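Structure, as structure tokens:
2 protein chains.
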Amino acid sequence: MFPEVTAADEAALLELIFEFGVIGATPDGGVCRLAGSPADAKARRLFSSELKALGAAIELDPIGNQFGRMLFGTERGAILCGSHLDSQPTGGRFDGALGIAAAIVAARILARNSYKFRYRRDLILCNWTNEEGARFTPSLTGSSVFAGRMTLDQALRLTDANGETLGRALSAIGYLGSGTAPKDAVAAVELHIEQGPELEGADVRVGIVDRSWAARKMCLCFKGQPSHTGPTAKYQRRDALLAAARFVSLAHDLAEATHDAPVLSIARIENAPNSTNVIAFETRLWVEIRHSQESACETFGDRVLRLAEDEQNLGGCQVATEQDQLRPAVRLDPEGHRLATEICGRLGISWKSMATVAGHDALALSQVMPSTLIFVPSVGGISHSPKELTKPSDALTGLRVLVDWLHLRLLDEAAH
Amino acid sequence: MFPEVTAADEAALLELIFEFGVIGATPDGGVCRLAGSPADAKARRLFSSELKALGAAIELDPIGNQFGRMLFGTERGAILCGSHLDSQPTGGRFDGALGIAAAIVAARILARNSYKFRYRRDLILCNWTNEEGARFTPSLTGSSVFAGRMTLDQALRLTDANGETLGRALSAIGYLGSGTAPKDAVAAVELHIEQGPELEGADVRVGIVDRSWAARKMCLCFKGQPSHTGPTAKYQRRDALLAAARFVSLAHDLAEATHDAPVLSIARIENAPNSTNVIAFETRLWVEIRHSQESACETFGDRVLRLAEDEQNLGGCQVATEQDQLRPAVRLDPEGHRLATEICGRLGISWKSMATVAGHDALALSQVMPSTLIFVPSVGGISHSPKELTKPSDALTGLRVLVDWLHLRLLDEAAH
Numbered sequence: 475m476f477p478e479v480t481a482a483d484e485a486a487l488l489e490l491i492f493e494f495g496v497i498g499a500t501p502d503g504g505v506c507r508l509a510g511s512p513a514d515a516k517a518r519r520l521f522s523s524e525l526k527a528l529g530a531a532i533e534l535d536p537i538g539n540q541f542g543r544m545l546f547g548t549e550r551g552a553i554l555c556g557s558h559l560d561s562q563p564t565g566g567r568f569d570g571a572l573g574i575a576a577a578i579v580a581a582r583i584l585a586r587n588s589y590k591f592r593y594r595r596d597l598i599l600c601n602w603t604n605e606e607g608a609r610f611t612p613s614l615t616g617s618s619v620f621a622g623r624m625t626l627d628q629a630l631r632l633t634d635a636n637g638e639t640l641g642r643a644l645s646a647i648g649y650l651g652s653g654t655a656p657k658d659a660v661a662a663v664e665l666h667i668e669q670g671p672e673l674e675g676a677d678v679r680v681g682i683v684d685r686s687w688a689a690r691k692m693c694l695c696f697k698g699q700p701s702h703t704g705p706t707a708k709y710q711r712r713d714a715l716l717a718a719a720r721f722v723s724l725a726h727d728l729a730e731a732t733h734d735a736p737v738l739s740i741a742r743i744e745n746a747p748n749s750t751n752v753i754a755f756e757t758r759l760w761v762e763i764r765h766s767q768e769s770a771c772e773t774f775g776d777r778v779l780r781l782a783e784d785e786q787n788l789g790g791c792q793v794a795t796e797q798d799q800l801r802p803a804v805r806l807d808p809e810g811h812r813l814a815t816e817i818c819g820r821l822g823i824s825w826k827s828m829a830t831v832a833g834h835d836a837l838a839l840s841q842v843m844p845s846t847l848i849f850v851p852s853v854g855g856i857s858h859s860p861k862e863l864t865k866p867s868d869a870l871t872g873l874r875v876l877v878d879w880l881h882l883r884l885l886d887e888a889a890h
Numbered sequence: 475m476f477p478e479v480t481a482a483d484e485a486a487l488l489e490l491i492f493e494f495g496v497i498g499a500t501p502d503g504g505v506c507r508l509a510g511s512p513a514d515a516k517a518r519r520l521f522s523s524e525l526k527a528l529g530a531a532i533e534l535d536p537i538g539n540q541f542g543r544m545l546f547g548t549e550r551g552a553i554l555c556g557s558h559l560d561s562q563p564t565g566g567r568f569d570g571a572l573g574i575a576a577a578i579v580a581a582r583i584l585a586r587n588s589y590k591f592r593y594r595r596d597l598i599l600c601n602w603t604n605e606e607g608a609r610f611t612p613s614l615t616g617s618s619v620f621a622g623r624m625t626l627d628q629a630l631r632l633t634d635a636n637g638e639t640l641g642r643a644l645s646a647i648g649y650l651g652s653g654t655a656p657k658d659a660v661a662a663v664e665l666h667i668e669q670g671p672e673l674e675g676a677d678v679r680v681g682i683v684d685r686s687w688a689a690r691k692m693c694l695c696f697k698g699q700p701s702h703t704g705p706t707a708k709y710q711r712r713d714a715l716l717a718a719a720r721f722v723s724l725a726h727d728l729a730e731a732t733h734d735a736p737v738l739s740i741a742r743i744e745n746a747p748n749s750t751n752v753i754a755f756e757t758r759l760w761v762e763i764r765h766s767q768e769s770a771c772e773t774f775g776d777r778v779l780r781l782a783e784d785e786q787n788l789g790g791c792q793v794a795t796e797q798d799q800l801r802p803a804v805r806l807d808p809e810g811h812r813l814a815t816e817i818c819g820r821l822g823i824s825w826k827s828m829a830t831v832a833g834h835d836a837l838a839l840s841q842v843m844p845s846t847l848i849f850v851p852s853v854g855g856i857s858h859s860p861k862e863l864t865k866p867s868d869a870l871t872g873l874r875v876l877v878d879w880l881h882l883r884l885l886d887e888a889a890h
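Residue numbers (the numbering used here), protein chains in the order written: chain A, 475 to 890; chain B, 475 to 890.
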């Protein structure tokens, strides 16, 4: 027997997505809810008020992760269920918010039905701080601190482009906590939008993630010499922006010419002094390389670095590698995956196993506990964009799978 | 007979350059005195206190140009002598400040000797607002408003990268004036550093500018589509930063392959949303093309625009030309030029006629009155850089030429 999902629950999910979507809304239909911003605070307050309405025991930890514990049972530890409320500057209404809204509605459904079942685990709803890594790099900050993969001190010192730290930003919006993150979690689950075109292409409603791609993330700094753009003689010019631009162009040429090349993205640039009349003396590029295999990220990354160091293209500039991190490919929990496939089968929902190219909090958590990540389709495969859209029917399908998955995990019967 | 320049005057010039150089000083030995900044205000106050010490009649006009009139005589109008106190973010201590400091010391020398001569013109010392165009684009703002080439309203509305207008910035530092710019000026002169290697290469102490290069200045906006850098499929990507980088690389290739190509510089870029995880949807580039001939700027600029519009390099992006201005090549006053050559000859100073590649306030003024521009060498041809340096002996040579030039212009005898 499973808890019933009513039409009112479905309406509640869509309404919650709408409510989060108006916080930090942009005129083009997207959202801008950067971590630590007033909009982030407003979304957090909405989450917190929903937790209170659920009767959850609330904790805010020192990196701003929000937890709401539903006291279902403590025999077998607790299950974490959540996602994130921060967004990209050009974010959509579903990335992160869907997982939070579905967790809230699922908790409501499970609570309403809990008298019928003997749950042996607590359910803990979570909002993880700075998943996006847009304002503060790197991403997955809150979940990485929780998983012990980043120290609290490192995380609080992350600095945005204006020199503000994550710690000060959280403090300013009232979300630098002094509470304790749960220590009894035995598994985690996250419902998220796919952000790529694979489910849509296969005409399948649910993606059950079994692994992630690896990623190599680098920051390269090209160093030239400032001088007047006019009278400075050609032989005297050390143009860092030109060296950086040549590198961007050549790196993409290399990717196009390489068999089974990783996905290469260079999306962020900082140029100094960035004045029309002064040849750039310092240009930084953030380079992302993604592939299902770590080794491919490493090999291709090394080739990209050699390109950056090519003297001919540097034109008298120097280049330094300021960051170079390899995010490993991760395997998600096979048992949680199996459970999700069974639920889809029983509900008659089409599904496929797939890898995630994007990073998610569930990947950070998977380093310390069994973690499960469930995708629903993104129209056109577009996300991080005002055009991001998950159809209501797909969001509701995701909710149904999540409710049943949590139900079985909270019961923790031998059969499952 | 000419006014005597004493060792004390020479020391005063070097000391004034030093005094201006500590205002907005950067740790690397340069200065950052952006127009409308607190450092700009501080430099303006020093200029103003020097004008007061000279007994000059001070005016501050509505675009913040500072004028100090020495009441030598009014029979034949007035002579403008000045430069600018704003700098690039990576500015040096001589660009602009030399011309202001030399004007102050020259005024002191002329005043001290004026009882011996019957001057028939007033001398007006000037500090022109926002010559650099670093924080507020375009450059030569104050002198262009004075010359009627830009309206006051346009100038006050120029906006920096943070959305602040020049009008508000000047008001905030107390330099939005209500005074009247002089209407009786009959000629202008400016002493400035060369900013290129030509004088040093020719081993000549003074450059007497007879013309300027033309410049074409464009702002191109590449438009892509925001989406996730990870799972977004290759065929879906519209990467504005990649299109812009390919353009920068190709435009420089074109310049290298072109006979007698203009000087091409692309020094400023704005990229949105500039987040490591979001493919750029809007990347702006500021393109500068300089050549002695306007026609060469036009022809090469058109070829550059065609490159920007090349579909293959755009990779699905669009491009729009948001600004496209042609700054004409200007001829400076032949009479003022002749006067300077005579003075150099009499003083035994080596000199050459030359063009200026860079823009200067004297060029804006030359559109409404005879204008003269005198250069002294920059070590290594470097400027807009903390490494900018004019040797003390060269600065003093510039002062001597300026004093005699002003002396003859103030006398306005038939012989000259």
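Even glycine gets a Cβ: it sits at the ideal position worked out from N, Cα and C.
Predicted, not measured: the structure shown is a model, and the values here were computed from it.
Beta carbon proximity, residue i to chain B, threshold 8 Å
i, result
"A:Phe755", "yes"
"A:Thr750", "yes"
"A:Val831", "yes"
"A:Gln797", "no"
Burial state of residue i (16 or more Cβ within 10 Å)
i, result
"A:Met475", "exposed"
"B:His834", "buried"
"A:Gly648", "exposed"
"A:Val496", "exposed"
"A:Ala889", "Unreliable placement is indicated for A:Ala889, whose pLDDT of 46 sits below 50; no coordinate value is reported for it."
"A:Thr480", "exposed"
"A:Pro747", "buried"
"B:Glu489", "exposed"
"A:Leu626", "exposed"
"B:His811", "buried"
"A:His733", "exposed"
Proximal chain B residues relative to residue i, where beta-carbon distance stays under 7 Å
i, result
"A:Gly681", "Within chain B, no residue comes near A:Gly681; the closest Cβ sits about 11 Å away, beyond 7 Å."
"A:His726", "Leu716"
"A:Ser723", "Ala719, Arg720, Ser723"
"A:Ser588", "Near A:Ser588 there are no residues of chain B at all, since even the closest Cβ is about 36 Å away, more than 7 Å."
Alpha-carbon spacing of residue i relative to residue j, whole angstroms
i, j, result
"A:Ala552", "A:Asp798", "36 Å"
"B:Gly681", "B:Val737", "21 Å"
"A:Glu730", "B:Pro700", "21 Å"
"B:Ser523", "B:Val853", "31 Å"
"B:Trp825", "B:Ala676", "9 Å"
"B:Arg518", "B:Leu559", "7 Å"
"B:Asp569", "B:Ile856", "11 Å"
"B:Ser769", "B:Asp776", "11 Å"
"A:Gly542", "A:Gly529", "9 Å"
"B:Asp807", "B:Asp886", "16 Å"
Cutoff 8 Å: residue i Cβ touching any chain A Cβ
i, result
"B:Gly704", "yes"
"B:Ala719", "yes"
"B:Gly872", "no"
"B:Gln841", "no"
"B:Ala707", "yes"
"B:Ile743", "yes"
"B:Ile740", "yes"
"B:Val737", "yes"
Interface partners of residue i on chain A, CB under 9 Å
i, result
"B:Pro461", "The question about residue 461 of chain B has no answer, for chain B in this structure spans 475 to 890."
Residues that residue i contacts on chain A, provided the C-beta gap is smaller than 7 Å
i, result
"B:Val479", "In chain order: nothing, as chain A lies at least about 28 Å away."
Contacts that residue i makes with chain A (C-beta to C-beta distance below 8 Å)
i, result
"B:Ala794", "Simply none; closest approach about 18 Å."
Interface positions of the segment 601 to 635 of chain B facing chain A (Cβ-Cβ less than 9 Å), listed along the chain: Result list: Glu606, Gly607, Ala608, Arg609, Thr611, Pro612, Ser613, Ala635.
Closer than 8 Å, Cβ to any Cβ of chain B: which residues of the segment 757 to 783 of chain A, in chain order? Listed by position, the residues of the segment 757 to 783 of chain A near chain B (Cβ gap below 8 Å) are Trp760, Glu762, Arg764.
With 7 Å as the C-beta to C-beta threshold (strictly closer), list the residues of the segment 855 to 886 of chain A near chain B in chain order. Taken in chain order, the members of the segment 855 to 886 of chain A whose beta-carbon sits within less than 7 Å of a beta-carbon on chain B are Gly855, Ile856, Ser857, His858, Ser859.
Name, going along the chain, the residues of the segment 644 to 671 of chain B whose beta-carbon falls closer than 8 Å to a beta-carbon of chain A. Residues Glu668, Gln669, Gly670, Pro671.
Closer than 9 Å, Cβ to any Cβ of chain B: which residues of the segment 530 to 543 of chain A, in chain order? Answer in chain order: no residues at all.
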